[in-house]
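Trainee: I have a structure I would like to understand better, so I am pasting it below and will then ask my questions one at a time.
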Amino acid sequence: MARPKMLKLPEVLEEIEMSRAAFYRMRARGQAPRLQKLPNGQLRVSRADLDAWWARCEQRATV
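Counting along the sequence shown from 1, when you hit position 48 you're at 48 in our numbering, and nothing is skipped either side.
In C-alpha coordinates form, the structure reads like this:
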(Lines of atoms letter the chains of each structure in order from A and count residues from 1; the text may use other names and numbers.)
(Lines give C-alpha, C1' and ligand atoms only; values in the text may rest on other atoms or scores of the structure.)
Protein backbone atom coordinates (compact mmCIF):
# COMPACT_ATOMS: atom_id res chain seq x y z
CA MET A 1 0.00 0.00 0.00
CA ALA A 2 1.39 3.38 -1.00
CA ARG A 3 2.01 6.03 1.61
CA PRO A 4 -0.09 9.18 1.30
CA LYS A 5 1.63 12.19 -0.24
CA MET A 6 2.88 14.45 2.54
CA LEU A 7 3.61 18.12 1.84
CA LYS A 8 6.06 20.29 3.73
CA LEU A 9 4.58 23.38 5.36
CA PRO A 10 6.36 25.80 2.97
CA GLU A 11 4.84 23.88 0.03
CA VAL A 12 1.38 24.20 1.56
CA LEU A 13 1.85 27.92 2.27
CA GLU A 14 2.95 28.50 -1.32
CA GLU A 15 -0.03 26.60 -2.72
CA ILE A 16 -2.59 28.41 -0.59
CA GLU A 17 -0.73 31.74 -0.97
CA MET A 18 -0.70 32.44 2.75
CA SER A 19 1.93 33.57 5.23
CA ARG A 20 3.03 31.29 8.04
CA ALA A 21 1.55 33.71 10.60
CA ALA A 22 -1.85 33.77 8.85
CA PHE A 23 -1.81 29.97 8.60
CA TYR A 24 -1.18 29.61 12.34
CA ARG A 25 -3.97 32.12 13.12
CA MET A 26 -6.35 29.99 11.03
CA ARG A 27 -5.02 26.88 12.76
CA ALA A 28 -5.73 28.41 16.19
CA ARG A 29 -9.34 28.95 15.06
CA GLY A 30 -9.57 25.36 13.79
CA GLN A 31 -9.86 26.46 10.16
CA ALA A 32 -6.57 25.23 8.68
CA PRO A 33 -5.60 21.88 7.19
CA ARG A 34 -4.48 19.35 9.80
CA LEU A 35 -0.76 19.32 10.53
CA GLN A 36 1.11 16.13 11.34
CA LYS A 37 4.35 16.29 13.30
CA LEU A 38 6.95 13.73 12.28
CA PRO A 39 9.25 12.05 14.81
CA ASN A 40 12.07 14.40 13.71
CA GLY A 41 9.88 17.45 14.54
CA GLN A 42 9.11 18.44 10.96
CA LEU A 43 5.54 19.35 10.06
CA ARG A 44 3.61 17.86 7.15
CA VAL A 45 0.13 18.12 5.66
CA SER A 46 -1.25 15.18 3.74
CA ARG A 47 -2.35 15.89 0.18
CA ALA A 48 -5.76 14.38 1.02
CA ASP A 49 -6.22 16.71 4.02
CA LEU A 50 -5.23 19.74 1.95
CA ASP A 51 -7.61 18.75 -0.88
CA ALA A 52 -10.44 18.27 1.64
CA TRP A 53 -9.66 21.69 3.14
CA TRP A 54 -9.84 23.29 -0.34
CA ALA A 55 -13.23 21.61 -0.89
CA ARG A 56 -14.56 22.99 2.42
CA CYS A 57 -13.32 26.48 1.47
CA GLU A 58 -15.14 26.25 -1.87
CA GLN A 59 -18.36 25.11 -0.15
CA ARG A 60 -18.25 28.05 2.29
CA ALA A 61 -17.63 30.46 -0.58
CA THR A 62 -20.76 29.36 -2.42
CA VAL A 63 -23.11 29.55 0.57
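Yeah, the Cβ is synthetic: ideal placement off N, Cα and C, and Gly gets one too.
Residue range of the beta strand (DSSP E) that R44 falls in?
Mentor: Residue numbering aside, residue 44 sits at position 44 when the sequence shown is read from its first letter. Taken as a continuous stretch (DSSP letters only), the beta strand (DSSP E) holding R44 covers 43–46.
Trainee: Would D49 pass as a contact of R34 if the rule is Cβ separation under 7 Å?
Mentor: Numbered from its first residue, the sequence shown carries residue 49 at position 49. Numbered from its first residue, the sequence shown carries residue 34 at position 34. In contact: D49 and R34 (Cβ atoms closer than 7 Å).
Trainee: Could you give the residue range of the beta strand (DSSP E) that holds L7?
Mentor: Taking the first residue of the sequence shown as position 1, residue 7 is located at position 7. It spans 6–8 - the beta strand (DSSP E) in which L7 sits, taken as one unbroken run.
Trainee: Roughly how many whole angstroms lie between the Cα atoms of K8 and T62?
Mentor: Locating residue 8 in the sequence shown gives position 8, counting from the first residue. Locating residue 62 in the sequence shown gives position 62, counting from the first residue. When rounded, the distance between both Cα atoms is 29 Å.
Trainee: Helix, strand or coil for Q59? Go by DSSP, reduced to three states.
Mentor: For this step, residue 59 is matched to residue 59 along the sequence shown. Helix.
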